[in-house]
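Residue numbering for the first sequence follows the working numbering, beginning at 50 and increasing consecutively.
Even for Gly, the Cβ is constructed at its ideal location relative to N, Cα and C.
Remember, it's a predicted structure, so these values are computed and weren't measured experimentally.
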Amino acid sequence: MPELPEVETVRRGLEPALVGETLALVEVRRPDLRFPFPENMATRLTGRRVEALSRRAKYLLADLDNGEVLLMHLGMSGSFRIEPAEGAEDVPGIFHHARSKLAPHDHVVLETGSGTRITYNDPRRFGFMLLVSRAELSEHPLMRGLGLEPLGNELDGQALSRLFAGRQTSLKAALLDQRLVAGLGNIYVCEALFRAGLSPFRKAASLAGTVRPGLRATRLAESIRAVLTEAVAAGGSSLRDHIQTSGELGYFQHTFRVYERTAQPCVKPGCGGTVRRLVQNGRSTFYCPACQR
DNA sequence: AGCTCGACCTGCACGC
DNA sequence: TGCGTGCAGGTCGAGC
């Protein structure tokens, strides 16, 4: 499911249910996700208060009151849902009976002190959770090598040109490389390249150009910001799963201009091209051969 | 060092 | 119906 906009949507959904709350009950139902959960994770989390919930690239970071951080990644198919906990009172004296049963692939269940149940579900099990001490977080192998935060202040044409300089790989592969820019995935790379009018097959190094240096890079940086900002505002994209913690769908998928639009006409006015799908580095690339150069 | 590719895992849509 | 194939929002590590 999740690229940056989906992870940010999940963060915003979890924040009110989690921050300031104590983890009263923690159940790990299946430990073997991409990495095994930390030894005794349930015990180590129980009784902890969550002080903040932030995001770095596609990672969620829950600050705990003991100086540790719960580091979470949703992989391809991870999602959270929030419901009233068992026996939680909706109105004083009236117990909530609408709590749904646990579903297949519900791997972690957290119950907060105020009677909320937060369930992590992940069919493909590419996601994971880790506990890292706050002090060591920035040097953790998963965090240390991450590139620019695309909605942060540093991402602009100049930064992109510098990062891509000398790279012989394609623009598509370079944008997917989390060590350069961190948070983009297959959807938003395709969409950003379309908006910038740049071919996914162009060499990354050519972004700087020779005639009008910086122009392409600036267009690309602006396209990345625009597509991500719009997608966050739309609650992300829901392709095959729900993504919001409420179970509601994001709706940015209705705004895709090339992704999964194979053989449909290019939406750019006057272009007349047809969207094509091609496998690049083992992943589908959607693009318009007429207006992406 | 940079780059490409296979592997990890489940579910679904498709064609025969 | 059942079975095989290909596809899916990610990332790591092996091997050039």
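{"Check": "Burial state of Ala147 (16 or more Cβ within 10 Å)", "Outcome": "Bear in mind that the predicted position of Ala147 carries a pLDDT of just 49, short of 50, making it unreliable; the figure below should be weighed with that in mind. So Ala147 counts as exposed."}
{"Check": "Euclidean distance between Cα positions of Gln329 and Phe243", "Outcome": "16 Å"}
{"Check": "Coarse secondary structure for Glu132, derived from DSSP in three states", "Outcome": "strand"}
{"Check": "Proximal residues to Pro87 (C-beta, below 8 Å), its chain only, five neighbours per side dropped", "Outcome": "Arg93, Met178, Leu179, Leu180"}
{"Check": "Span of the beta strand (DSSP E), counted from its first residue to its last, around Ala73", "Outcome": "72-77"}
{"Check": "Between the CA atoms of Leu233 and Leu277 - distance to the nearest angstrom", "Outcome": "9 Å"}
{"Check": "Boundaries (first-last residue) of the alpha helix (DSSP H) holding Leu292", "Outcome": "Residue 292 is actually Ile in this sequence, not Leu. Taken as a continuous stretch (DSSP letters only), Ile292 belongs to no alpha helix (DSSP H), as it is neither H nor E."}
{"Check": "Separation of Ile236 from Gln293, as counted between CA atoms", "Outcome": "18 Å"}
{"Check": "Same chain, Cβ closer than 6 Å to Gly194, five either side skipped, listed in chain order", "Outcome": "Arg228"}
{"Check": "Ala312 to Thr323 span [Cα, whole Å]", "Outcome": "6 Å"}
{"Check": "Burial state of Phe335 (16 or more Cβ within 10 Å)", "Outcome": "buried"}
{"Check": "C-alpha distance - Ala241 paired with Leu186, whole-angstrom precision", "Outcome": "30 Å"}
{"Check": "Cβ contact (3+ pairs, closer than 8 Å) linking the region 267-276 and the region 196-205", "Outcome": "yes"}
{"Check": "Beta-bridge pairing of Lys252 - partner residues as DSSP gives them", "Outcome": "Ser219"}
{"Check": "Burial state of Glu160 (16 or more Cβ within 10 Å)", "Outcome": "buried"}
{"Check": "Pair within 8 Å by beta-carbon distance, Ser126 and Met50", "Outcome": "yes"}
{"Check": "Beta-ladder partner(s) of Met178, from DSSP", "Outcome": "Met121"}
{"Check": "Bridge partners - Tyr169, DSSP secondary structure assignment", "Outcome": "Phe129, Val157"}
{"Check": "Lys411 classed as buried or exposed, judged by whether at least 16 other C-beta atoms fall within 10 angstroms", "Outcome": "Within the shown structure, residues of the chain are numbered from 50 to 342, placing residue 411 beyond reach of any answer."}
{"Check": "Secondary structure of Ser187, DSSP reduced to three states", "Outcome": "helix"}
{"Check": "Other residues of its chain near Phe84: CB distance less than 6 Å, five sequence neighbours each side excluded", "Outcome": "Phe177"}
{"Check": "Coarse secondary structure for Gln329, derived from DSSP in three states", "Outcome": "strand"}
{"Check": "Test item: CB-CB of Gly196 and Thr71 under 8 Å", "Outcome": "no"}
{"Check": "In DSSP terms, what Ser103 is bridged to", "Outcome": "Leu110"}
{"Check": "Same chain, Cβ closer than 6 Å to Tyr298, neighbours up to 5 away in sequence not counted", "Outcome": "The sequence shown places Leu at residue 298, rather than the Tyr named in the question. For Leu298, where only same-chain residues beyond five positions count, the Cβ hits under 6 Å are Ser287, His291."}
{"Check": "Buried or exposed (CB count within 10 angstroms, at least 16 for buried), Ala184", "Outcome": "exposed"}
{"Check": "Where Met50 sits in the DSSP three-state scheme", "Outcome": "coil"}
{"Check": "Of the residues Ser128, Leu209, Glu117, Gly331, the one placed nearest Glu52, counting alpha carbons only", "Outcome": "Ser128"}
{"Check": "Option in Ala73, Ala339, Gly201 with minimal Cα separation from Val99", "Outcome": "Ala73"}
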